[in-house]
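Enquirer: Chains A and B, in that order, are what the protein sequence lines are.
Per my numbering, the very first residue in the first sequence carries number 1; after that it's consecutive.
Per my numbering, the very first residue in the second sequence carries number 1001; after that it's consecutive.
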Amino acid sequence: DTAVSQTPKYLVTQMGNDKSIKCEQNLGHDTMYWYKQDSKKFLKIMFSYNNKELIINETVPNRFSPKSPDKAHLNLHINSLELGDSAVYFCASSLMRGLGLGYEQFFGPGTRLTVL
Amino acid sequence: AQTVTQSQPEMSVQEAETVTLSCTYDTSESDYYLFWYKQPPSRQMILVIRQEAYKQQNATENRFSVNFQKAAKSFSLKISDSQLGDAAMYFCAYRSGYGGATNKLIFGTGTLLAVQP
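(1) Looking at chain B, is there any beta carbon in it that lies within less than 9 Å of the beta carbon of A/VAL88?
(2) From the beta carbon of A/LEU76, is the nearest beta carbon of chain B less than 9 Å away?
(3) Quick check: what's the CA-CA separation for B/LYS1104 versus A/VAL4?
(4) Could one say the Cβ of A/GLU24 lies closer than 9 Å to chain B's Cβ atoms, at least one of them?
(5) Hey, how far is the Cα of A/ILE78 from the Cα of A/ARG112?
(6) B/VAL1066: which of B/LEU1112, B/THR1003, B/THR1024 sits nearest, CA to CA?
(7) Tell me which same chain residues have a C-beta within less than 6 Å of the C-beta of A/VAL12, skipping the five on either side of it?
(8) Applying a beta-carbon distance threshold of less than 8 Å, which residues of chain A neighbour B/GLN1044?
(9) Is it a yes or a no for the segment 26-42 of chain A touching the segment 1003-1016 of chain B, going by three-plus beta-carbon pairs under 8 Å?
(10) Just the Cα atoms here: how many angstroms apart are B/THR1102 and B/SER1082?
(11) Quick check on A/THR13: does DSSP put it in helix, strand or coil?
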């Protein structure tokens, strides 16, 4: 029944490692997003894909690489993790256009990444 | 660029009372949407209420209502009959109505609401 799911929910790793976070949605949406919530709770868009095409790429270090194998999945790979990458990463999905609820972005439960 | 400002980092309300959370935004666009999201300690982001800019009528969802002042670019959230379960961080968010690369949520810094029994 889960609409937007993320794995893992918690990730603890050492500096310099490479890690991935996976996201899947079963809502039939065509657009998916990654948001980052920092230690002060501030939320900011990182990336967005529409039908597997990258449409939003905010100022994010190129150590972060999103990949969308299909409309229902969006993964985030992070190379050479740094202390400052510690945050909660949220995946979200929506329809690009539509009326009513179609415009709402549905969020996953978040992945808390801790870099030691 | 669009910005969203929440000037109240923390608010407190007594159970069963009413509280209003403030939000102002800046944009030159005419087509946009405004949202209030709730984030309880579980960290799940939950949509509380949505307002389309072209609608003059203020949105209402049960105990939650907004005061949308388009000319003043103000979008406040009123919570009536506050309940303990309303305790959470509340985020005001803006989204352009033009789709494509503008289809992102721009968040305010949040207001942490405490509900006192």
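Just so it is clear, CB atoms sit at the ideal spot from N, CA and C, and this is done for glycine as well.
Since we're looking at a predicted model, the values are computed, not measured.
Expert: Short version:
(1) As a first step, residue 88 of chain A is located in the first sequence; it is residue number 88 there, counting from the start. Cβ-Cβ to chain B under 9 Å: yes for A/VAL88.
(2) On the first sequence, position 76 is the one that residue 76 of chain A refers to. No, A/LEU76 does not count as interfacial toward chain B.
(3) The sequence position of residue 1104 of chain B within the second sequence is 104, counting from 1. The sequence position of residue 4 of chain A within the first sequence is 4, counting from 1. B/LYS1104 and A/VAL4: Cα-Cα distance of roughly 17 Å.
(4) Working through the first sequence from its first residue, we reach residue 24 of chain A at position 24. Answer no: the Cβ-Cβ gap between A/GLU24 and chain B never drops below 9 Å.
(5) Within the first sequence, numbered from 1, the residue matching residue 78 of chain A stands at position 78. Within the first sequence, numbered from 1, the residue matching residue 112 of chain A stands at position 112. Taking the straight line from one Cα to the other gives about 14 Å.
(6) Stepping through the second sequence from its first residue, residue 1066 of chain B is reached at position 66. The shortest C-alpha separation from B/VAL1066 is found at B/THR1024.
(7) Counting from 1 along the first sequence, the entry for residue 12 of chain A is found at position 12. Result list for A/VAL12: THR114, in chain order.
(8) The sequence position of residue 1044 of chain B within the second sequence is 44, counting from 1. Near B/GLN1044 (Cβ distances below 8 Å), the residues of chain A are PHE107, PRO109, GLY110.
(9) no
(10) Mapped onto the second sequence, residue 1102 of chain B falls at position 102. Mapped onto the second sequence, residue 1082 of chain B falls at position 82. Approximately 35 Å between the Cα atoms of the pair.
(11) Counted from its first residue, the first sequence places residue 13 of chain A at position 13. The answer is strand: DSSP assigns A/THR13 an E or B state.
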